[in-house]
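Data first, discussion second: the structure below is written as C-alpha cells.
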Amino acid sequence: MRLFFDYDAYNHNAARYLANLLLPSISESDSYLKDSFEFVHRIKQNKFQPGLMFSLDVASLFTNVPLESAITIAIEKIRKYHPSLTIDDNNLRQLFYYCTKRPNFTFDNRNYDQINGVAMGSPLAPILAHLFMTNLELKLKEFRGKKPDIYLRYVDDIFVLLHGTQKDASALKKYMNSLHPTIKFSIEVQNDNKLPFLDVMVERKDEELITYIYRKPTDTGLYLKWTSNQPRSYKINLLKCLCIR
Numbered sequence: 001m002r003l004f005f006d007y008d009a010y011n012h013n014a015a016r017y018l019a020n021l022l023l024p025s026i027s028e029s030d031s032y033l034k035d036s037f038e039f040v041h042r043i044k045q046n047k048f049q050p051g052l053m054f055s056l057d058v059a060s061l062f063t064n065v066p067l068e069s070a071i072t073i074a075i076e077k078i079r080k081y082h083p084s085l086t087i088d089d090n091n092l093r094q095l096f097y098y099c100t101k102r103p104n105f106t107f108d109n110r111n112y113d114q115i116n117g118v119a120m121g122s123p124l125a126p127i128l129a130h131l132f133m134t135n136l137e138l139k140l141k142e143f144r145g146k147k148p149d150i151y152l153r154y155v156d157d158i159f160v161l162l163h164g165t166q167k168d169a170s171a172l173k174k175y176m177n178s179l180h181p182t183i184k185f186s187i188e189v190q191n192d193n194k195l196p197f198l199d200v201m202v203e204r205k206d207e208e209l210i211t212y213i214y215r216k217p218t219d220t221g222l223y224l225k226w227t228s229n230q231p232r233s234y235k236i237n238l239l240k241c242l243c244i245r
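Using the UniProt record's numbering, read the sequence shown as starting at 1 and increasing by one per residue.
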C-alpha cells in the first residue's frame with residue numbers, strides 16, 4: 001500500500017523545510033541524473049565507450065525505502081551542509097518522523113502508522129529515496145565482478161554500460177539484489193544494439209552511441225485538447241515539453 005500526501009496536509013510545510021535542507025546533497029553523487037536531457041549529455045561524453053548496455057529498475061522503490069536508514073542518512077547530510085543548524089539530532093529525527101511515519105492514515109476505522117516507504121506527494125519522498133540509493137551504491141566498490149564503465153541513475157532507473165557479457169550483467173544484478181532485503185532490481189539488456197532508458201533510445205551504431213526520442217509501444221499520440229476543462233498550466237507545460245523534446 002502506498003499513501004498519498006496532500007499538498008495541504010498538516011505536515012507538508014515541515015516536509016518542505018526538511019527537503020530544502022537536503023537539496024545541496026542531491027547532486028553530490030556521480031551517478032545522479034537530473035533528467036533525460038542530462039542523461040543524453042552524459043552519453044554524448046562517452047559515445048565511443050564499448051561494452052554491453054543494460055538497465056536496472058528498482059521494484060516499487062518508494063514503498064520499500066527503509067525509513068530509519070534513510071532518515072539517518074538524511075540527518076548526516078543536513079549536518080554536513082548546515083553545520084550551524086541549532087536543531088539537535090534527536091529533535092531533527094522526530095521532525096522526520098512527524099513528516100514520514102505519522103501521516104494520520106485511517107482505513108475502515110483503524111489508524112495506521114507508516115513503517116517503511118515514503119508517501120506519494122511528499123516533498124521528502126524523492127529526496128529520501130535518492131539519498132538511500134546513493135548510500136546503497138557506495139557498496140558497489142566491494143563488488144568483485146566486472147564493474148560498470150558507465151553507471152547513471154534517475155531515481156529508481158539505472159543505465160549501465162559494462163565491458164563484459166550478459167553473465168557479468170546478471171552477476172551485478174545478483175550482487176545489488178543482495179545489498180538490502182527490501183530493495184530488489186529487475187534487468188533489461190540491450191536488444192539489437194538498442195536500449196530504451198527513460199524517454200530516450202540509446203543505440204550503438206558504427207561503434208558509437210547515438211540517442212533519439214523513445215516512445216513506448218502503448219503511446220497513442222493523444223494530448224490534452226486545448227478547449228478541455230483542464231488547468232491552463234497543464235496545457236502550457238505540455239506544449240513546452242513537446243517543444244523541448
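Note that CB positions come from ideal geometry on N, CA and C, so glycine has one too.
Give me the DSSP bridge partner(s) of residue 158. 56, 153
Alpha-carbon spacing of residue 214 relative to residue 202, whole angstroms: 9 Å
Looking at C-alpha atoms only, which residue of 40, 193, 62, 225 is the closest neighbour of residue 183? 62
Beta strand (DSSP E) segments (min. 3 residues) lying fully within the stretch 205 to 238: 208 to 213
Proximity to residue 192 [Cα-Cα], best of 185, 206, 148, 198: 206
Which whole-angstrom value is the C-beta distance of residue 123 and residue 15, which I expect to be below 8 Å? 5 Å
Which residues bound the beta strand (DSSP E) around residue 186? 185 to 189
If you measure from the beta carbon of residue 55 to each beta carbon in chain D, is any gap under 8 Å? Looking at the structure shown, chain D is missing, and only one protein chain is on hand.
Tell me residue 195's beta-bridge partners as DSSP assigns them. 202
Residues near residue 195 in its chain [Cβ-Cβ closer than 6 Å; skip 5 each side]: 53, 202
Beta strand (DSSP E) containing residue 106: first to last residue? 105 to 107
Are the beta-carbon atoms of residue 270 and residue 175 separated by less than 8 Å? Residue 270 lies beyond the residue range present for the chain, which begins at 1 and ends at 245; the question has no answer from this structure.
Buried or exposed: where does residue 190 fall if 16 or more other Cβ atoms within 10 Å of its Cβ makes it buried? buried
With 16 as the cutoff for other CB atoms within 10 Å, does residue 148 come out buried or exposed? buried
How would you write the range of the alpha helix (DSSP H) that residue 111 sits in, first residue to last? Counting along the chain, residue 111 falls outside any alpha helix (DSSP H), though it belongs to the beta strand (DSSP E) covering 110 to 112.
Would you please state the rounded distance, in angstroms, between the beta carbons of residue 248 and residue 131? I believe it to be under 8 Å. The question about residue 248 has no answer, for the chain in this structure spans 1 to 245.
Assigned secondary structure, residue 32 (DSSP; H/G/I helix, E/B strand, else coil): strand
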